[in-house]
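Note that my numbering has the sequence shown beginning at 937, numbered continuously upward.
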Amino acid sequence: MVREPRMADILLDFPIVATAERVFHGVTTPVGLDAWWTIKCSGQPSIGTEYGLWFGPKYDWRAVVTRCTPGREFELEMVRADKDWMSTRVGFLLEQTAGVTRVRFHHTGWLEVNEHYRISCFCWAMYLRLLKRNIETGEIVPYEQRLDV
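In structure tokens form, the structure reads like this:
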């Protein structure tokens, strides 16, 4: 029997061959986020501002910026979302060395390891792969195809 923790985090590290500024743009701007994650996003990378994260009529979510250091760090706290995502934090820490940016991604504060958590682990890996491909090659995959690429 697998013993499940009371709280769970999703943590993923990966390189992107680009400057930290370019990666920061990809994870903080509406144009950047729409290229790999959302259908339609709104918001500005500044602490305390609200982002609109639209994934379709049933998924019109909101998040507030809790950390923002240009070229270095960005984090959102989910304030309107699926119940499993409420109050969780999605963030990026960027470390650039010789033209490669190491991305340290986190989605923290899950209350339990349930089916939605497990699906989200898979989805984040897929979405972050699209972030990497978008920044390195300019590829934009249509939203409906993003989990099939």
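Where is the CB? At the ideal position from N, CA and C, for every residue including glycine.
- In chain order, W997, R998, A999, W1021, M1022, S1023, T1024, R1025, V1026 place their CB closer than 8 Å to the CB of M1014, counting only its own chain and leaving out the 5 sequence neighbours on each side.
- When rounded, the separation of the alpha-carbon atoms in R1038 and T965 is 19 Å.
- Taken through DSSP and simplified to helix, strand or coil, V1026 comes out as strand.
- In this structure, F1041 sits away from L969, with a CB-CB distance that is not shorter than 8 Å.
- The alpha-carbon of K994 is positioned some 32 Å away from that of P1006.
- Distance from the Cα of L1029 is smallest, within the candidate group V1049, C1004, A944, for C1004.
- Beta bridge pairing from DSSP links D1020 with no other residue.
- Checking the DSSP bridge columns, you'll see C1004 partnered with F1010.
- The three-state secondary structure of A1061, taken from DSSP, is helix.
- Note on geometry: alpha-carbon atoms of M943 and T1044 lie some 9 Å from one another.
- Sequence-distant Cβ neighbours of F950 in its own chain, meaning closer than 7 Å and more than five residues away, are V1039, L1064, K1068.
- In the structure shown, D996 adopts extended strand secondary structure according to DSSP, grouped into three states.
- Counting other Cβ atoms within 10 Å of its Cβ, V959 reaches 16 or more and is therefore classed as buried.
- Less than 8 Å divides the Cβ of I975 from the Cβ of G992.
- The beta carbon of E1031 is closer than 6 Å to those of R1038 in its chain, skipping five residues each way along the sequence.
- Annotation for V967: no beta strand (DSSP E) segment contains it, though the alpha helix (DSSP H) segment containing it runs 966 to 970.
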